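For the sequence shown, the residue numbers in the numbering used here are -3 to 109.
Cβ atoms here follow ideal geometry from the backbone N, Cα and C, with glycine treated the same way.
These numbers were taken from a predicted model, which means no experiment stands behind them.
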Amino acid sequence: MIDPSRRPRGTSSKPIPVKDRAKHAVGAVVAAGVAAYRRQTSLPPLLPMMPEEMADNGEAMRRRIVARLARALRAERMRGRAGHWTYDINRHIALRQAYEAERLLLSTAVHRS
-3 MIDPSRRPRG TSSKPIPVKD RAKHAVGAVV AAGVAAYRRQ TSLPPLLPMM
47 PEEMADNGEA MRRRIVARLA RALRAERMRG RAGHWTYDIN RHIALRQAYE
97 AERLLLSTAV HRS
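This is the structure:
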């Protein structure tokens, strides 16, 4: 435990739970990945896609990609919860980053039209 005399002023004496700190850390990693997202480099390791699909920036293709990412994310989450040996936290985070980035791009495209 942290020595109370060494805490910065104005901070609570109650420690932040580990679960909350982990949630915040993963959220920051996902947000950074969304900001640095590039479809041509980020999607090929995550989803099997043809080059024509990667190049298509239309709304219909973006919706299909979001749906594929949602299915892959759901499957990865289920592997993690089950404790399956094939679960990969890095893949899980990469899927989440791609999913959030594609959803953001889709919502901005829909609002523009």
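(message) Would residue 94 and residue 33 be called neighbours here (beta carbons separated by less than 8 angstroms)?
(response) yes
(request) Please state if the CB of residue 25 and the CB of residue 96 are separated by a distance shorter than 8 angstroms. (result) Between residue 96 and residue 25, the CB-CB gap reaches or exceeds 8 angstroms.
(request) Use the C-beta contact count for residue 61: other C-beta atoms within 10 angstroms, 16 or more gives buried, fewer gives exposed. (result) buried
(request) State yes or no: is the C-beta of residue 39 within less than 8 angstroms of the C-beta of residue 46? (result) no
(message) On the criterion of 16 or more Cβ atoms from any shown chain inside 10 Å, does residue 67 qualify as buried, or is it exposed?
(response) exposed
(request) Please report the residue range of the alpha helix (DSSP H) in which residue 50 lies. (result) 47 to 51
(message) What residue range does the alpha helix (DSSP H) around residue 61 cover?
(response) 55 to 78
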